[in-house]
Each structure stands twice: as structure tokens, then as C-alpha cells.
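Be aware that the sequence shown starts at 498, since it is given in the numbering used here, and climbs by one per residue. Each remark here refers to the structure printed beneath this line.
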Amino acid sequence: MRIEGKEYRTIWFDNNVVKIIDQTKLPHQFIIKELKSVNDAINAIKVMEVRGAPLIGGTAAYGIALAAQENNDPEFLKKSAEKLIQSRPTAINLKWAVDRMTKKLAGINGDQILSIALNEAKEICDEDEKFCENIGINGLKIIEEIYNKKKDTVNILTHCNAGWLATINWGTATSPIYHAHKKGIPVHVWVDETRPRNQGANLTSYELNEEEIPNTIIADNTGGILMQRGEVDMCIVGTDRTLSNGDVCNKIGTYLKALAAHDNNVPFYVALPSSTIDWNIKDAKDIPIEERSSEELSHIEGIDENNKIKKVLIYPNKSKAMNLAFDVTPAKYVTGLITEKGISDASSEGLKKLFK
Ligand code: MRU
């Protein structure tokens, strides 16, 4: 998608380094950062220079390629894979991508490892781009249906950033929105700010602005009243891990939005590539929920009068804070799952039909 009119993907390999857009600096600074080692990739995932389930997977895949470039000894690659998997716990795409890389490289001879690793990492990214495009084509039908009935702007609420910045391109939740916009359907997006890291305000609103899609940032608690007033036609969010029964783990606060949508008969869709499905965990209680530093709550970053990024304390300095990063929305509150293969019920039967 575009930034200042120029097309980008979120990650690419160029001249022996992996290039990423540093998302900790957006929307105020657009900085392309180079990852030169597997430790650079691990750090970029941990500090969220890259984030969003599919992009974490893509970065981990390139992380293995960087490891192979440093040292193609199988023991080093194995340790690197373990460290990458531990860099963030909730998004299943991370383990999925590392496992796929490890399987591909098993038994490969020293000289060939790097080129095969680079090809596979690119393949994982290209595949994600294609899947997200298909999610858009499939999700477009739902937006079109609403528009055909309403004959007026379709108001869509989204949470966090499940946009192209969270994937390789297109995004998951945003892909149907981009497709609708390209088709000339008038859409307007309610963007949940998404405290504490403000991925909605800093990233979703930013990327929608760059594509000239009308959007309005709202505080996380505003969605409920907008739904009661009939000002939300549908919700679309992403997911970091979807269980085979259709339960969906996504950014903290998603569950509350789903409850409000359910109470107000607003359709609540979750968009995901199949790499986000965890076919093993059966009970949502077993999903590892990331707990991040309380400093993400107690401090806030913005730009000062000298155009410098500044971090300030906003809480009483003696207060304790707790920062759980994800929650689980039970399948019963999900109207449908928009995947690369089509739209399914949020249920084991629905998912099994699409992914035999
Ligand atoms: O903590 P983040 O910013 O990595 O969380 C991202 C989300 O919760 C997204 O909704 C999710 O990864 C889906 S991305 C297409």
C-alpha cells in the first residue's frame, strides 16, 4: 500500500539485510530500519518495531534466513529458532513461520541453506500478501451487501491495527475496506485508539489517511454508544490466534467490542489468514496471553513543539499498573470468519469445511 504516494511492503530483503518500516516511530517519523542479524530480528519483534501477527511471522522467517547468513551450523539455527519463537508469545504465526522454515531447512547441505532460507522467507511473505488480498475480495461482498441495502456510506469499526502495517500488504481487517474503497463504495472507518500503545490511532488511522479513506479516531470506550445510536454498520477486527472452535484471541478490548456489537445486533467479523489458526489448542484458557511492561500504560509518547518524539509519565508515580495485551472473544459473539478461502461460521464445522 502507499505512504506519501509510494508503494511499500512492510518487509523486504535487499543487499544482505532485511528492511522494515520502524512502527515505533509512526506516525510522526517514517524510518526504514535494517536488520542485519537474527538478534536484530528478535529485538524488532520484542520492541514492536514490527508487530501484527502476520508480519511477526514474516519477520521471524527472515530472522531464520539472517541466522543462516551469520552461521549455518544446525545447532545455531536451532537455538535461533527457539529464541525467535519466544520473542512474543500470543501470535501463533510466529511459531508457524519458524516451524515452516525449520522443516524446509532440515537436512539441507551447508552451502545451500542461505538461498533456500531466503526463498522460503520470501515465499511466506508473498503467500501472506496473496491471502490478505483474497480476504479483501471475500470480505468485500459483506460490505457491498450492506451498501446495497443502505445506499449510503458504510460505517465500519475496527480495533488495533489489523491493517497492511500488521501484515505484508493489504492487512486483514482493512483489506475488505481497501477493496470496497477501490470499487467506489463509500466507507468510513471508526478507528479505536487502542490503548495503551495506540496502534489504532498511530497506525490504522495513518495508513487509512495515506489511502485517502475517511476515518475518525475514537477513544476505546466510544464504540458502545456509537453502536447504540446505529452509527456502526459492522465491525471487522484481526486476530493473533484463532482456535479451531472459532474462539478468537486479539488485541485487548476486542472482547468488549464484540459484547457491545452482540447487544446491538451489529455484525462482528474477524478477518484472518489460515496461518493464524491454532489447530492444537482446544481451550482458550491455554492461549498464552502476553503481559507487557506497565510503562506502556503509565507513559505516553508524542511529538513536542520542536518536532521531537517525547515520552512523558501520565500516572501517579506510585501507582501500579497491569498491561495484558490480548483477550479472547468466544466464537458465539463472532458473526463470521473472513479467510483467504472464503467466509465461514466461527465454529469447528465452519473452519473444517474451508480447511479440510
Ligand atoms: O500487539 P500487536 O500490535 O502486535 O497486536 C496486533 C493485533 O492485535 C492485530 O489485531 C492482530 O495481530 C491481527 S493483524 C492482521
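Positions of the beta carbon are idealized from the N, C-alpha and C atoms, including for glycine.
Assigned secondary structure, residue i (DSSP; H/G/I helix, E/B strand, else coil)
i	result
residue 765	strand
residue 525	coil
residue 688	strand
residue 839	strand
residue 616	helix
residue 657	coil
residue 593	helix
residue 682	coil
residue 731	strand
residue 797	strand
residue 697	helix
residue 634	helix
residue 852	coil
residue 784	coil
residue 546	coil
residue 536	helix
Own chain, CB closer than 6 angstroms to residue i, minus 5 neighbours either side, in chain order
i	result
residue 752	824 and 826
residue 537	none
residue 755	765, 826 and 830
residue 630	667
residue 562	614, 615 and 618
residue 789	820 and 822
residue 837	628, 631, 632 and 770
residue 746	737, 738, 784, 823 and 825
Chain-order list of residues whose beta-carbon lies under 7 angstroms from that of residue i (same chain, five-residue window excluded)
i	result
residue 590	550, 551, 553, 554, 772 and 773
residue 613	601, 602 and 605
residue 757	720, 721 and 724
residue 839	635 and 851
Residue i: CB within 8 angstroms of a non-hydrogen atom of ligand 2
i	result
residue 636	Only ligand 1 can be found as ligands here, which leaves ligand 2 out of the picture.
Contacting residues, own chain, Cβ-Cβ under 8 angstroms from residue i (five flanking each side not counted)
i	result
residue 651	640, 643, 644, 677, 682, 683, 684, 685, 730 and 731
residue 845	741, 742 and 743
residue 776	741
C-beta contact flag for residue i and residue j at 9 angstroms
i	j	result
residue 557	residue 581	yes
residue 760	residue 828	no
residue 794	residue 820	yes
residue 701	residue 659	yes
residue 785	residue 599	no
residue 577	residue 544	no
residue 542	residue 585	yes
residue 748	residue 843	no
residue 768	residue 669	yes
residue 687	residue 507	no
residue 633	residue 672	yes
residue 513	residue 583	no
residue 733	residue 835	yes
residue 499	residue 520	no
residue 501	residue 707	yes
Cβ-heavy atom distance, residue i to ligand 1, below 8 angstroms
i	result
residue 724	no
residue 553	yes
residue 526	no
residue 664	yes
residue 736	yes
residue 442	As displayed, the chain neither begins before 498 nor continues past 853, which places residue 442 out of reach and without an answer.
residue 758	no
residue 836	no
residue 548	yes
residue 604	no
residue 583	no
residue 696	yes
residue 748	yes
residue 681	no
residue 904	Absent from the structure is residue 904, since the part of the chain shown begins at 498 and ends at 853.
residue 819	no
residue 657	yes
residue 860	Only positions 498 to 853 of the chain appear in this structure, which leaves residue 860 out of reach.
residue 668	yes
residue 823	yes
is_contact[residue i, chain C] using C-beta, thresh 9 angstroms
i	result
residue 695	Checking the listed chains, one finds no chain C in this structure; it contains a single protein chain.
- request: Determine contact between the region 711-723 and the region 562-577, defined as no fewer than three beta-carbon pairs at a distance below 8 angstroms.
  value: no
task: Could you say if the region 735-744 and the region 793-811 meet the contact criterion of at least three C-beta pairs nearer than 8 angstroms?
output: no
- prompt: Looking at C-beta atoms only, is the number of pairs between the region 656-673 and the region 619-632 that lie closer than 8 angstroms three or more?
  reply: yes
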